[in-house]
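To keep things clear, I will list the structure first and then write my remarks on it.
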Amino acid sequence: MEEPAVNSVSIGDPMSRVDGRLKVTGSAKYAADYNLPGVTFGVLVTSTIAKGRIANLNTEAAEKVAGVLGVLTHKNVPKVPGYEAGTDKASSRVYGQEFRVFYGDHIYFNNQPVALVIADTLEKAIYAASLVTVAYQPEPHQTDTQVNLDKAIKPARSEDYSRGISNAYKTAPVTVEQTYYTPIHVHNPIEPHAATAVWESEDKLIVYNKSQGVKLAQKDLMRAFNLREENIRVYSPFVGGAFGSSSRIWPQEMAAILGAKLVGRPVKVALKREQQFNMVGYRPRSIQKIGLGAAADGTLVGITHEAYGLTSTYEQFTERILHPTKSSYRCPNLTAVYRLVPLDVSTPCWTRGPGETSGSFALESAMDELAYALNMDPMALRLKNYAEVDPENNKPWSSKYLKDCYERGADRFGWYIRNPQPRSMRSGEMLVGFGMSSGIYKAERSPAAAVARLTADGKLLIQSATADTGPGTYTVMTQIAANLTGIAPERITFELGDSSFPPAPPQFGSHTVVSVGSAVHDVCMALRQRMGELSIYKEGSALYGLNETELVFDGDIIRSKRGTARLSFSEILKLNNLPELVITKEAKSGPEVGKYSGKSFCANFVEVHVHPQTGMVKVARVVSAIDSGKIMNHKTARSQVLGSVVWSLGMALMEDGIIDHRFGRYVNKDLAEYHVPVCTDVPEVEVIMIDKPDPILDPMGAKGLGEIGMIGLPAAIANAVYHATGKRIRELPITPDKLL
Numbered sequence: 070m071e072e073p074a075v076n077s078v079s080i081g082d083p084m085s086r087v088d089g090r091l092k093v094t095g096s097a098k099y100a101a102d103y104n105l106p107g108v109t110f111g112v113l114v115t116s117t118i119a120k121g122r123i124a125n126l127n128t129e130a131a132e133k134v135a136g137v138l139g140v141l142t143h144k145n146v147p148k149v150p151g152y153e154a155g156t157d158k159a160s161s162r163v164y165g166q167e168f169r170v171f172y173g174d175h176i177y178f179n180n181q182p183v184a185l186v187i188a189d190t191l192e193k194a195i196y197a198a199s200l201v202t203v204a205y206q207p208e209p210h211q212t213d214t215q216v217n218l219d220k221a222i223k224p225a226r227s228e229d230y231s232r233g234i235s236n237a238y239k240t241a242p243v244t245v246e247q248t249y250y251t252p253i254h255v256h257n258p259i260e261p262h263a264a265t266a267v268w269e270s271e272d273k274l275i276v277y278n279k280s281q282g283v284k285l286a287q288k289d290l291m292r293a294f295n296l297r298e299e300n301i302r303v304y305s306p307f308v309g310g311a312f313g314s315s316s317r318i319w320p321q322e323m324a325a326i327l328g329a330k331l332v333g334r335p336v337k338v339a340l341k342r343e344q345q346f347n348m349v350g351y352r353p354r355s356i357q358k359i360g361l362g363a364a365a366d367g368t369l370v371g372i373t374h375e376a377y378g379l380t381s382t383y384e385q386f387t388e389r390i391l392h393p394t395k396s397s398y399r400c401p402n403l404t405a406v407y408r409l410v411p412l413d414v415s416t417p418c419w420t421r422g423p424g425e426t427s428g429s430f431a432l433e434s435a436m437d438e439l440a441y442a443l444n445m446d447p448m449a450l451r452l453k454n455y456a457e458v459d460p461e462n463n464k465p466w467s468s469k470y471l472k473d474c475y476e477r478g479a480d481r482f483g484w485y486i487r488n489p490q491p492r493s494m495r496s497g498e499m500l501v502g503f504g505m506s507s508g509i510y511k512a513e514r515s516p517a518a519a520v521a522r523l524t525a526d527g528k529l530l531i532q533s534a535t536a537d538t539g540p541g542t543y544t545v546m547t548q549i550a551a552n553l554t555g556i557a558p559e560r561i562t563f564e565l566g567d568s569s570f571p572p573a574p575p576q577f578g579s580h581t582v583v584s585v586g587s588a589v590h591d592v593c594m595a596l597r598q599r600m601g602e603l604s605i606y607k608e609g610s611a612l613y614g615l616n617e618t619e620l621v622f623d624g625d626i627i628r629s630k631r632g633t634a635r636l637s638f639s640e641i642l643k644l645n646n647l648p649e650l651v652i653t654k655e656a657k658s659g660p661e662v663g664k665y666s667g668k669s670f671c672a673n674f675v676e677v678h679v680h681p682q683t684g685m686v687k688v689a690r691v692v693s694a695i696d697s698g699k700i701m702n703h704k705t706a707r708s709q710v711l712g713s714v715v716w717s718l719g720m721a722l723m724e725d726g727i728i729d730h731r732f733g734r735y736v737n738k739d740l741a742e743y744h745v746p747v748c749t750d751v752p753e754v755e756v757i758m759i760d761k762p763d764p765i766l767d768p769m770g771a772k773g774l775g776e777i778g779m780i781g782l783p784a785a786i787a788n789a790v791y792h793a794t795g796k797r798i799r800e801l802p803i804t805p806d807k808l809l
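Now the structure itself:
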């Protein structure tokens, strides 16, 4: 059979979001929108110390409030078999003992849940929660990474990396040695973290939550409550922002589940904004020492990268902070060391571009410093050390068009008009700076499955237990299916976010399109194949007796290549007395993928304006050139990069989770004091998609896009600030006080 004819929707078309109307009209249901019959409301009471024990917990006044159904504490919590069994450190995603809600009287971090007040209205629960009193036995705590560097440990799951000679950079004629700092970045999505839980029977649980991976959440709950897979359903069709913050089962979810078990009714728990600063993870603070050495012509001789991150005392959260350094540049000698500082805080979690975002700030800032030390153009330095194969493992790239990113980005930005001398460019009274950087992020594929159901009325339903945290999964999967089947998008429904659907990986790590998209691709191709067979093997069919090679797919019509015979999908099903055709496919990458290194790449160009008297920084222009394989939808893809740019503005200039170390407590735990970019902060942004397919990773030619747009961009902003002012800021965020 031939490939499909040109359809009304093609891969790459800027198709609008199929779920857009649901969202703008308020019809999309998020985690806190499920008002089940008999639903009750839970409000968390949290600790006011960072470390110690609960000496006394008095709930009597709260329990006497009319409408209060119960107060859940460590004293009356229903049994959780998984709590008693502990965590299997070898198989858990984060090494150590996961936090167990209401398990014992120990306090591990400030704002830790100590009670859940459940009432028949939210207002009653809030009031009753204010009546719970707690006395503590506090213990000395530590929450400052810098002060505790001497207590750093080697992570159980992270190996030091080296190639060539250790500290070889020191032998080079031109060297740079600096330390770079990134602060805590707190997840602050628009949708609050919430969960509604209901026990349909003693051993049957349904959870409506905010999850990036419903199958992963289902497995975690199976392990916690020792239940069979079919007895737990996790439902999360819409997620209002996540990027890592919905990647685990968090305290509010377990509290809702345990509360529902306690009172025998559905319980809904939604976190307050201030509670999200402790309970749903954050990007950990990093301290990174970089040493670069180069020959006079810019050829890298050696790199040393020593990174420190914080973690909790009960788990070891690690991230890929060293990976940009391992693979970005051709360099024969590299030493990379990663250490963790355990503190009395909650466990960090994955945050957009986890590890690579922080690591690239240090590396790409240091490369800019080296360029100035060499009196060399920063882009020329990167091209001088361009890696034709992955330096980490000497594998060929599955695809790499970073040179295209450099060339097209620089040309569009006007990089070559840059006067390299700091403080040499102005616009009126404002100092003008140009900065650039590179970015690299893994491009991987995981097994995924999908089921397709074609009905006799010509409608197609596809289901997979993936997620859509905002990048446009609903739309892209619909687009892939429409392109392959020829069925109009408005007659296709793609469903996700339900653990009863065929398994799919969680939506993080930039692999949803390549993984789930491959499953949608394969199931649609199988559907086409089967429809062709049904059209030629059924007596009475207008296409009966033809060879498969004689068939042409023209939209959702199959016709003869030579004659006028033709049948629609609906006609074929009716002819075969089939009310529907159901096909399930699992897609896996072949062994050949392991022979290559899969990465996405970018080049970032930034213009900043800095007021010389006040130190105010305004990002005026950004050009982001992206190599992420074949683009599935140019509209949703561009939106992803715009989001990366905005988040990078926050990281570079504003965001900073500030802990008062006397109390181990955030002091800016709201959106008034935890600053994020607003509309007036966002500059003109131009996105360039190289749009060349990757021939290795998946049948569509796609590579990961969700993370790569943020990798290196904060460094480009910092580099532009240096060019504008002559002041090198190595600690984010770049606030006016650091420039004055």
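Using this note's numbering, you'd call the opening residue of the sequence shown number 70 and step up by one each time.
Even for Gly, the Cβ is constructed at its ideal location relative to N, Cα and C.
| Unbroken alpha helix (DSSP H) run spanning Met448, endpoints | Pro447 to Lys453
| field | Close-in-space but distant-in-sequence residues of the same chain around Ala74 (CB under 6 Å, 5 per side omitted) | value | For Ala74, the predicted model reports a pLDDT of 43, less than 50, meaning its position is unreliable; a value from the coordinates is still stated below. For Ala74, where only same-chain residues beyond five positions count, the Cβ hits under 6 Å are Asp623.
| query | In the structure shown, what three-state DSSP assignment does Lys738 receive? | reply | coil
| Cα-Cα separation, Arg86 to Tyr543 | 8 Å
| field | DSSP three-state assignment for Val163, whether helix, strand or coil | value | coil
| query | Roughly how many angstroms separate the alpha carbons of Glu661 and Gly667, rounded to a whole number? | reply | 12 Å
| Does the Cβ of Asp413 have 16 or more other Cβ atoms within 10 Å, making it buried, or fewer, making it exposed? | buried
| task | Give me the Cα-Cα distance between Ser569 and Lys288, rounded to the nearest whole angstrom. | result | 12 Å
| If we count the other Cβ atoms within 10 Å of its Cβ and call it buried at 16 or more, is Thr535 buried or exposed? | buried
| message | Assuming contact is defined by CB atoms lying nearer than 8 Å, are Ala519 and Ala595 in contact in what I supplied? | response | no
| Separation of Arg522 from Pro558, as counted between CA atoms | 15 Å
| query | Which first and last residues belong to the alpha helix (DSSP H) in which Lys643 is found? | reply | Phe638 to Leu644
| Fully enclosed by the segment 72-120, which alpha helix (DSSP H) runs are 4 residues long or longer? | 89-93
| Quick one: what does DSSP say Pro558 is sitting in, helix, strand or coil? | helix
| field | Simplified DSSP assignment, three categories, for Ala241 | value | coil
| request: Helix, strand or coil for Asn145, going by three-state DSSP, please let me know. | output: coil
| query | On the three-state DSSP scale, how would you describe Ala634? | reply | coil
| query | Just reading off the alpha helix (DSSP H) that His703 is part of, what are its end residues? | reply | His703 to Leu722
| task | Report yes or no: do three or more beta-carbon pairs, one from the segment 257-265 and one from the segment 332-340, lie closer than 8 Å? | result | yes
| Taking the C-alpha atoms as reference points, what is the distance between Leu452 and Leu782? | 18 Å
| request: Over the uninterrupted alpha helix (DSSP H) stretch that includes Ser468, give me the two end residues. | output: Counting along the chain, Ser468 falls outside any alpha helix (DSSP H), and DSSP gives it neither H nor E.
| request: Could you have a look at Ser496 and say whether DSSP puts it in helix, strand or coil? | output: strand
| Can you give the Cα-Cα distance for Thr373 and Arg408, rounded to whole angstroms? | 14 Å
| query | Taking contact to mean at least 3 C-beta pairs separated by less than 8 Å, is the segment 267-281 in contact with the segment 294-302? | reply | yes
| said: Is Val186 close to chain D? Criterion is C-beta to C-beta, closer than 8 Å. | reply: In the structure shown, chain D cannot be found, because there is only a single protein chain.
| query | Is it the case that the Cβ atoms of Pro805 and Tyr665 are separated by a distance below 8 Å? | reply | no
| query | Does the segment 388-405 come close enough to the segment 417-431 that 3 or more CB-CB pairs lie under 8 Å? | reply | yes
| field | Endpoints, the beta strand (DSSP E) within which Ala518 is located | value | Ala517 to Thr524
| query | What residue range is occupied by the uninterrupted alpha helix (DSSP H) comprising Ile786? | reply | Leu782 to Thr794
| query | Which same chain residues, not among the five before or five after Asn257, have their C-beta less than 8 Å away from its C-beta? | reply | Arg342, Gln345, Leu740, Tyr743 and Val745
| said: Do Thr156 and Asn140 count as a contact pair if the criterion is CB distance below 8 Å? | reply: Reading off the sequence shown, one finds Val at residue 140, where the question assumed Asn. No, they are not a contact pair.
| request: Spell out a yes or no on whether the segment 215-226 and the segment 360-371 are touching, meaning 3 or more CB-CB pairs, one atom from each, closer than 8 Å. | output: no
| Buried/exposed call for Pro764, threshold 16 Cβ in 10 Å | exposed
| said: To test your reading of the DSSP string, which unbroken beta strand (DSSP E) runs of 3 or more residues are found completely within the segment 372-455? | reply: 403-412
| field | Chain-order list of residues whose beta-carbon lies under 6 Å from that of Thr416 (same chain, five-residue window excluded) | value | Ser381, Glu384 and Phe386
| query | Which value, in whole angstroms, describes the spacing of the CA atoms of Gly504 and Trp419? | reply | 27 Å
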